[in-house]
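Numbering (the UniProt record's numbering), first residue to last: 1 to 376.
By construction, the Cβ of each residue, glycine as well, lies at the ideal position given by its N, Cα and C atoms.
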Amino acid sequence: MESKALYIHIPFCKKKCYYCDFPSFCGKDHLTKNYIEALSEEIISRASKFNISTIFIGGGTPTFLNYEEILTLGKTIEKLNIVQDCEFTVECNPGTLTKEKLKALKQIGVNRLSIGLQSTHNNHLKAIGRIHTYEEFKSNYYLARELGFNNISIDLIFALPDETLEEWRSDILEVIKMEPEHISCYSLIIEEGTPFHKLYNMGKLNLPDEEVEREMYRSTLELLTKAGYEQYEISNFSKKNKESKHNLVYWTLKDYIGCGTGAHSYIQGMRYRNVETIEEYINLMNTRENAMVESHKNSIEDDIEEFIFMGMRKIKGIDEKEFKNRFGREIDELYRDVIIKYESEKLLERKNGRIFFTERGVELSNRVLTDFILDK
Ligand code: SF4
């Protein structure tokens, strides 16, 4: 039986953060029970024919679910063919996490937590619309440790409004003290349709300028590397052998099944997307036992671009041999000139059959990657 990664989406949030454009909703508490029932049906019908190598429950806020709902979801997952060393991650939001829920997560086999902290400064947490304080995060984190979770990732966001370089450096230093196995550091992106986008357009968002943002990124690298974390992806750092196996599936363009509202799947060169709203999802699952509203056969060019765009996010870049095996042609046939150009600008390096960004290349990766778009 083939192995696949499984993503499960929980679209509920207590309150919407001001920067967030993820498919998540608040004020829909009355739908959680029906949603979990519909979701369980989808998981069984789509995932039970495969071996499941990684599971990631994301959101939204998976820990918005109550104890019983977590256990119900666990009972569904239990019916799948889960490989022995399956990485099973759940995203947690401090402010929704309790001892009871952590115990339920442990009981259903979760072996990795990804906790969204974002900042250690309460004024910034409040300003970006988070529902928790740094103190609440810390008590959740240490409680999880006490209960035996030995693989925890912490998410941080830099370049927040009014944030200084010193504040960001202190965020990192604080988090290092807690010794999580994995740390993700993303820069704030102002997404359309969010309250921050509105404020930005009105000139009311005081964001750090580009040079400060770059310094923040450099500090991240410097401090985390010094503390023994290895950068394995543009925004992700881990202790040895603690990389996120699930996310590596995306970055290496392997197959994954996505269940729940708005979830995407990639299976044997086909992309699928589920309906976004909770009500429609429940309705579709109840009436036709399928919530997919879009499917798309990736062209070979789409696959090549995705392979490059996702693969180059990894610090070790892409494997030339793998490119040849997947696409039946040498990478030079398509990209020779681009590779030579950026090698000479010292933004790309080619070594031992791999192509990857240099440290400066990582900072300018968006500019470089646009040249990898194929004429179609
Ligand atoms: S908790 Fe996460 S998913 Fe929910 S609104 Fe905030 S950032 Fe978005």
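| Check | Outcome |
| --- | --- |
| Three-pair Cβ contact test at 8 Å for the region 212-232 versus the region 23-35 | no |
| Rounded C-alpha distance that separates N274 from D21 | 17 Å |
| 8 Å Cβ cutoff, P62 in contact with chain C | Among the protein chains of the structure shown there is no chain C, as only one such chain exists. |
| Reduced DSSP secondary structure (H/G/I, E/B, other) of I189 | coil |
| Under 8 Å between C-beta atoms of I257 and A38 | no |
| Identity of the residues DSSP links to residue 379 by a beta bridge | An answer regarding residue 379 cannot be provided, because it is not within the stretch 1 to 376 covered by the chain. |
| Range of the contiguous beta strand (DSSP E) that encloses T89 | N81 to C92 |
| Whole-angstrom distance between R360 and K106, CA atom to CA atom | 41 Å |
| heavy atom of the ligand SF4 below 7 Å from S24 C-beta | yes |
| S295 burial status per 10 Å Cβ neighbour count (16 or more: buried) | exposed |
| Under the three-state DSSP convention, the category H197 falls into | helix |
| In chain order, each beta strand (DSSP E) run of at least 3 residues that lies wholly inside the region 14-65 | 51-59 |
| Proximity of L71 and K103 at Cβ, strictly below 8 Å | no |
| Distance cut-off 7 Å: C13 Cβ against heavy atoms of the ligand SF4 | yes |
| Extent of the continuous alpha helix (DSSP H) to which D209 belongs | Per DSSP, D209 belongs to no alpha helix (DSSP H) and is neither H nor E. |
| Rounded distance between the beta-carbons of I304 and I318, thought under 8 Å | 11 Å between Cβ atoms; not a contact. |
| Distance cut-off 7 Å: T61 Cβ against heavy atoms of the ligand SF4 | yes |
| Where the alpha helix (DSSP H) containing D155 begins and where it ends | Segment I152 to F158 is the beta strand (DSSP E) holding D155; no alpha helix (DSSP H) there. |
| Cβ distance (whole Å) where N206 is taken to contact D162 below 8 Å | 5 Å |
| Residues bridged to I115 (per DSSP) | C92 and I154 |
| Exposed unless 16 or more other CB atoms sit within 10 angstroms - verdict on Q231 | buried |
| Contact under 8 Å by Cβ, G129 with Y18 | yes |
| For R145, the first and last residue of its enclosing alpha helix (DSSP H) | Y134 to E146 |
| Cβ shell of G116 (< 6 Å), same chain only, five flanking positions each side left out | N93 and D155 |
| Neighbour-count burial assignment, Y250, 16 or more Cβ in a 10 Å radius | buried |
| Span separating the alpha-carbon of E42 from that of I77 | 11 Å |
| Beta strand (DSSP E) segment containing G258, residue limits | Y256 to C259 |
| Beta-carbon separation (whole angstroms), Y134 vs N122, contact threshold 8 Å | 6 Å |
| Inter-residue CB distance, S365 and F357 (contact presumed, cutoff 8 Å) | 6 Å |
| CB contact flag (P11, G262, <8 Å) | yes |
| Cα-Cα separation, L224 to I157 | 15 Å |
| Residue interval of the alpha helix (DSSP H) (run including Y7) | From DSSP, Y7 is part of no alpha helix (DSSP H) but of the beta strand (DSSP E) over S3 to I10. |
| Cross-strand partners of E215 (DSSP beta bridge) | Beta-bridge pairing links E215 to no other residue. |
| R350 - containing alpha helix (DSSP H), residue span | First-last for R350: L348 to K351, but that is the beta strand (DSSP E), not the alpha helix (DSSP H). |
| Contacting residues, own chain, Cβ-Cβ under 6 Å from I267 (five flanking each side not counted) | D255 |
| C-beta atoms of T96 and K15 nearer than 8 Å | no |
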